[in-house]
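**Student:** For reference, the structure I am asking about is given below.
Residue numbers (the working numbering): 2 to 100.
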């Protein structure tokens, strides 16, 4: 995945969902679902893919259930194209961290 893109970005996002909301939740929604704004933790060029995957392996996605809500924390690599000005051009594909 991502072999057609020039940039890899490590993304992180957190959210808290009611039990009802979480019934419709899909893994990754916190990172790339509607109305999300995950933070950028680190960036690599595509030739640094192994380094990026090693960094992602340091993190875990968590889904902590509480009596009235579920707290979500997700990490993912985003594969995309960035122009010479550092602006997003197109993409994206994602690899989520393990649970």
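Virtual Cβ for every residue (Gly too), placed ideally from N, Cα, C.
These numbers were taken from a predicted model, which means no experiment stands behind them.
Going by DSSP, which residues form a beta bridge with residue 81?
**Tutor:** Numbered from 1 along the chain shown, position 80 holds the residue referred to as residue 81. Bridge partners of residue 81: 8 and 92.
**Student:** If residue 60 and residue 76 are in contact, beta carbons under 8 Å, what's the gap, nearest whole angstrom?
**Tutor:** To locate residue 60, count along the chain shown from 1; it is residue 59. To locate residue 76, count along the chain shown from 1; it is residue 75. Yes, residue 60 and residue 76 are in contact; Cβ-Cβ is about 4 Å, under 8 Å.
**Student:** Can you give me the Cβ contacts of residue 164 inside the same chain, cut-off strictly under 6 Å, excluding the 5 residues immediately before and after it?
**Tutor:** Residue numbering for the chain in the displayed model covers 2 to 100; residue 164 lies beyond these limits and cannot be assessed.
**Student:** Please name the residue in 19, 14, 22 and 44 whose C-alpha comes closest to that of residue 63.
**Tutor:** Position 62 of the chain shown, counted from the first residue, corresponds to residue 63. The shortest C-alpha separation from residue 63 is found at 14.
**Student:** If I follow the unbroken alpha helix (DSSP H) through residue 66, where does it start and stop?
**Tutor:** Stepping through the chain shown from its first residue, residue 66 is reached at position 65. First-last for residue 66: 63–66, but that is the beta strand (DSSP E), not the alpha helix (DSSP H).
**Student:** What number of angstroms, rounded off, separates the C-alpha of residue 83 from the C-alpha of residue 10?
**Tutor:** The residue you call residue 83 lines up with position 82 of the chain shown. The residue you call residue 10 lines up with position 9 of the chain shown. In a straight line, the C-alpha of residue 83 is about 10 Å away from that of residue 10.
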